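Residue numbers 2 to 307, in our numbering, belong to the letters of the sequence shown in order. Okay, structure first, notes after.
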Amino acid sequence: MELLNDMALFIEVASVMSFRKAADATGVPNSTLSRRISALEKAIGLRLLHRTTRKVELTEAGRLYYDRCRRIVDEARIAHEQLGEMLAQPSGLLRASFPVDFATVYLAPLIAEFSRRYPGISFDFDLTPRRVDLVTEPFDVAIRMGELPNSALIARQLARLSVQVYASPRYLDISGEPATPADLSKHECLGFSKSGKWSLHRAGENIDVEVGGRFQINSVGMARRLATLDLGVIMLPREIVQEDVAAGRLRQILPQWAGNPTPVYALTETRLLPAKTQRFIEFLQEHLNEKSLAKGSRKTDTSRPE
């Protein structure tokens with residue numbers, strides 16, 4: 002047990018590269034941390050950390066030991082937490098990364114409800130467009146939309162979003178309303194970068210339409226906003242545009258046709274999750290299904306990437 006405790010203290014120091022910060026986080030005095038890690042190095046027979054007055058750095062042996070031991074320490078903590086769930090609600094800081102527009106438009110009310118259900122959990126959310134690295138960055142879970150290439154990350158499918166075609170009433174008054182998917186080739190289509198083709202289907206019939214326009218966009222929110230400003234046609238999940246449709250800023254067109262459903266995944270580095278993360282994923286699965294976002298989807302658990 003003493004070895005595991007010293008290993009955990011080493012992981013804390015190596016994670017922040019600072020004895021002082023690790024002491025603040027653990028409540029263990031700086032001098033005790035230094036003494037315990039020195040004893041660990043002596044027991045191993047190798048130096049794990051380079052210490053100077055200004056900084057702390059991992060040695061080659063330290064990097065190897067950190068990579069191997071971090072999972073051991075995490076699994077030991079999770080084992081204790083899972084047993085402790087019989088006595089207490091999940092707690093701690095939940096770090097999550099979200100797609101910006103889906104989070105602000107659709108997930109925010111669910112997060113508010115989740116926070117009320119679990120008052121012991123605090124939150125740190127990242128809503129930048131970048132793809133976070135769950136291996137090297139301190140995130141518990143990332144929510145991602147769209148098909149995912151293969152990787153060692155664990156992906157749990159939360160929903161499949163229905164994708165439809167929309168435009169503003171004024172744009173349709175000026176440019177006319179498409180009667181068939183092929184008519185989209187004559188319209189200003191607000192597409193994402195490198196997307197020159199939209200795929201639509203209905204009742205077993207599929208068609209690919211070459212689309213184009215002056216705006217190539219890599220932001221769902223920007224495409225949605227430009228469409229409300231009468232600049233073109235968009236094809237997006239209905240959950241993203243439902244407020245604009247309800248307010249009359251956008252109108253669904255080609256109602257018999259739909260784009261390929263957009264899957265939503267919860268990505269984690271490991272299947273062994275602390276209670277706070279497990280409850281959050283289960284909550285999203287439950288509520289997204291309740292709102293009919295995941296018709297036909299299953300609660301899958303596959304090794305897929307971010």
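Ideal Cβ placement from N, Cα and C applies to all residues, glycine included. Computed from a predicted structure; not experimentally measured.
- Excluding its 5 nearest sequence neighbours in each direction, Val246 has C-beta neighbours in its own chain below 8 Å: Tyr167, Arg239, Arg252 and Gln253, listed in chain order.
- By the CB criterion at 9 Å, Pro264 and Gln158 fall inside the cutoff.
- Sorting Gln257, Gly233 and Met223 by C-alpha distance to the C-alpha of Asp102 places Met223 at the top.
- For Ala104, there is no enclosing alpha helix (DSSP H), as DSSP marks it with neither H nor E.
- Excluding residues up to 5 positions away in sequence, Gln90 lie with their Cβ nearer than 8 Å to the Cβ of Pro120 in the same chain.
- Cβ neighbours of Arg71 within its own chain (closer than 6 Å, five residues either side excluded): Ile12.
- Sequence-distant partners of Glu58 (beyond 5 residues in either direction) whose C-beta falls short of 6 Å from its own C-beta, in its chain, are His51.
- Relative to the Cα of Gln165, the nearest Cα in the group Leu255, Ile38 and Arg37 belongs to Leu255.
- Gly192 is classed as buried because its beta carbon has at least 16 other beta carbons within 10 Å across all chains shown.
- Inter-residue distance for Ser35 and Phe20 is about 7 Å (C-alpha atoms, whole angstroms).
- Here Ile175 is exposed: its Cβ has fewer than 16 other Cβ atoms, across all protein chains shown, within 10 Å.
- Taken atom to atom, the span from the alpha-carbon of Val14 to that of Pro100 is near 31 Å.
- Secondary structure note for Asp7: its alpha helix (DSSP H) is the uninterrupted segment Glu3 to Val17.
- Distance from the CA of Gln243 to the CA of Ile122, rounded to the nearest whole angstrom, comes to 30 Å.
- Listed in chain order, the non-local C-beta contacts of Gly249 below 8 Å within the same chain comprise Pro170, local neighbours out to five positions each way being set aside.
- Put simply, the region 271-287 does not touch the region 202-211. Fewer than three CB pairs are less than 8 Å apart.
- Rounded to the nearest whole angstrom, the C-alpha separation of Leu49 and Met18 is 12 Å.
- Taking C-alpha positions only, Asp231 is separated from Tyr172 by approximately 5 Å.
- Leu111 sits close to His288, with the two beta carbons spaced by under 9 Å.
- With a cutoff of 9 Å on beta-carbon distance, Val142 and Arg96 are scored as near each other.
- Look at the region 173-257 and you find these whole runs of alpha helix (DSSP H), each 4 residues long or longer: 221-229 and 239-247.
- Linking Leu162 to Pro262 through their CA atoms gives a straight-line distance of about 5 Å.
- Counting along the chain, the unbroken alpha helix (DSSP H) around Pro110 starts and ends at Ala109 to Arg118.
- In this chain, the beta strand (DSSP E) harbouring Asp127 covers Ile122 to Asp127.
- DSSP links Arg52 through a beta bridge to Val57.
- Scanning Ala104, Ser98 and Gly46 for the CA closest to the CA of Pro139 turns up Ser98.
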